[in-house]
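Protein chains in written order, with our numbering: chain A, 294 to 526; chain B, 294 to 526.
The beta carbon of each residue, even a glycine, is placed where N, CA and C say it ideally should be.
Number of protein chains: 2
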Amino acid sequence: MKDCSQCVVRNRAICAGLLPDELSALGQLGRKQMVGRGQTVVWEGEESLIVANVIAGVLKVSMSMADGREQIVGVVFPSDFIGRPFGKDSPYSVTALTDAELCVFTRSAFDGFSREHPELEHKLLRRTLEELDRAREWMLLLGKKSAGERIATLLLEMSTRLGEQGCHADINSLNQFDLPLDRQQIGDLLGLTIETVSRQLTKLKSQGLIALPDRKHVIIHDRSRLTQLAMAA
Amino acid sequence: MKDCSQCVVRNRAICAGLLPDELSALGQLGRKQMVGRGQTVVWEGEESLIVANVIAGVLKVSMSMADGREQIVGVVFPSDFIGRPFGKDSPYSVTALTDAELCVFTRSAFDGFSREHPELEHKLLRRTLEELDRAREWMLLLGKKSAGERIATLLLEMSTRLGEQGCHADINSLNQFDLPLDRQQIGDLLGLTIETVSRQLTKLKSQGLIALPDRKHVIIHDRSRLTQLAMAA
DNA sequence: CGCTTTTCTTGATTCAGATCAATGATGCAC
DNA sequence: GTGCATCATTGATCTGAATCAAGAAAAGCG
């Protein structure tokens, strides 16, 4: 890695807060890697060889069953951390949903560095706790919410998570974004079929809560009603 | 706390690995607390005031919606850690499923101690990563598995997690245990209704895979078939 | 630019599990 | 023990989402 101090996610990734010399030591261990849409960087059930920070792009974390049923168990954005440190095998796959740029470490090198730098481990702990909160929130969605509630929740979640990325000046950007997922992937994330996803989106559109100028683009017209929908029966 | 070195979960809880003087310093911050079945020790949405190690008993971690729908998002056993460190509010409730014994810390005292003891934070990180793996495994269950697969998965999961508790000498104990959950709670954990849970258990019983001598007690007769059921269509 | 391929939408039908409705156990208090 | 409350089972019916089945709209490509 050339120069971490210039990294675009410098202040948000887990490396934030490291001292300059620590940062450059970590930089020695990492390398930048571009990955194309659809490319898998971590395989479920395989030895966990690498971990990484996401610099740009969006990736999915997924688990699947022997017969091919797949569940997306996480969506990862720039400045997020991917991979499974401190464990022999990775219980899930990580696949790029868009072209992406990663800052990759071998797991063993990262594990070692991490143990010697409590500040880094602390950041990683906080991030893992947040990820656990999000996973549990999603368990509530998968276990108890209706199809309509799931779609509304997804749109709001995507809006906020994508919004955290850009500059905060533009309030409109919150209500207007590109979904990094196609319909099948939305289904795999929400525990629904592609047909149900399509029907629910059409319904929201016809009710005027959202607009869908094209496949990926979403415009939220009535955020408060969408929020109500996401939570109530 | 009197003497952590005598604690029954001494070698399995996150405090394992602390030096004697660190352990006694941590002991100064904690106090033992007995909680009765049904008692809630952490409230969803409230300020996160305490964290704790479980010494004895089983507790549930749950989230609920405005209209009362509830999802159990975690089940916690002796030596496990509960509460949400490093965060203002707790996103979930923690409630005792059986009478339980906890080693309780104020969150602020624990947060401070934790930051000064990297070994403790490291243990907490590993535990949180494991909990995240379990949560994601459960997302696969909630998003993609049929009622029959869910029940089979639950029985096997309970068998192993309860098995980790006792001595490992007795192999039979793995195939014979008391469920700490009633039917309603099983439903809230699996995203099913109480009736569906009952029907699926009856089905497994009539197929001879399990026996149910009373409400809580489960005997697994055919673990391999149950395992197949848990994973296949 | 057509032509193919992929992705999405829409409609008809089916089905797993929810809901509604009793009935049967179990446990606990007195 | 008797009575009462809680919890679990079983059956009948309903329904939301899955499945099956075409088309329509985009996207990719020679």
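Name the one or two DSSP bridge partners that residue i has.
i	result
Thr333(B)	Thr388(B)
Gly367(B)	Val354(B)
Val344(A)	Phe398(A)
Phe374(B)	Asn346(B)
Val490(A)	DSSP, once it has assigned bridges, lists no residue as partnering Val490(A).
Ala504(A)	Ile512(A)
Beta-carbon within less than 8 Å of residue i's beta-carbon, same chain only, minus the 5 sequence neighbours each way: which residues are those?
i	result
Thr388(A)	Gly331, Gln332, Thr333, Val334, Leu352, Lys353 and Ser355
Arg419(B)	none
Leu505(A)	Leu494, Lys498, Val511 and Ile512
Ala318(B)	Phe406
By Cβ distance below 7 Å, which residues in the same chain neighbour residue i in space, the five residues on each side in sequence not counted?
i	result
Thr391(B)	Arg330, Gly350, Val351 and Pro473
Ala526(A)	Low confidence applies to Ala526(A): its pLDDT is 45, below 50, so where it sits in the model is not reliable, and the reading given next is rough at best. Once the five neighbours on either side are set aside, Ala526(A) has no close Cβ partner at all.
Ile513(A)	Leu448, Ser452, Asn468, Ile503 and Leu519
Gly456(B)	Ser466 and Leu467
Glu412(A)	Gly310 and Leu311
Gln458(B)	Phe370 and Pro371
Arg400(B)	Ser341, Leu342, Ile343, Val344, Gly376 and Pro378
Val302(A)	Asn346, Ile348, Pro371 and Ser372
Glu337(B)	Met356, Ser357, Ser383, Pro384, Tyr385 and Ser386
Lys527(A)	In the structure as shown, chain A starts at 294 and stops at 526, and residue 527(A) therefore has no counterpart that could be examined.
Gln477(B)	Ile487
Ala440(B)	Leu485, Thr489 and Gln493
Ala523(A)	Glu442, Ala445, Thr446 and Leu449
Glu315(B)	His410
Leu435(B)	Gly484
With H, G and I counted as helix, E and B as strand and the rest as coil, what does DSSP make of residue i?
i	result
Gln469(A)	strand
Lys381(A)	coil
Glu339(A)	coil
Lys496(B)	helix
Cys297(B)	helix
Which residue marks the beginning of the alpha helix (DSSP H) containing residue i, and which one marks its end?
i	result
Ile444(A)	Ala440 to Gly456
Arg303(B)	First-last for Arg303(B): undefined, no H or E at that position.
Leu413(B)	Pro411 to Lys437
Gly480(A)	Arg476 to Leu483
Where does the unbroken beta strand (DSSP E) through residue i begin, and where does it stop?
i	result
Leu322(B)	Looking at the DSSP string, Leu322(B) is not in any beta strand (DSSP E); the run it does join, the alpha helix (DSSP H), is Pro313 to Leu322.
Thr399(A)	Ala393 to Thr399
Ala523(A)	Run containing Ala523(A): none in the beta strand (DSSP E); it sits in the alpha helix (DSSP H), Arg516 to Met524.
Here's a check: name, in chain order, each residue in its chain whose Cβ is nearer than 6 Å to the Cβ of residue i, leaving out the five neighbours to either side.
i	result
Lys416(B)	Ile307
Leu482(A)	Ile365
Ile479(A)	Val490
- Query: So does the stretch 375–389 of chain B actually touch the stretch 403–419 of chain B, counting three or more Cβ pairs closer than 8 Å?
  - Reply: In this structure the stretch 375–389 of chain B lies against the stretch 403–419 of chain B, because at least three pairs of beta carbons, one per stretch, are closer than 8 Å.
- Hey, is the stretch 314–330 of chain A in contact with the stretch 391–400 of chain A, meaning 3+ C-beta pairs nearer than 8 Å? yes
- Query: Is it true that the stretch 356–370 of chain A meets the stretch 427–445 of chain B, where meeting means three or more beta-carbon pairs spaced less than 8 Å apart?
  - Reply: yes
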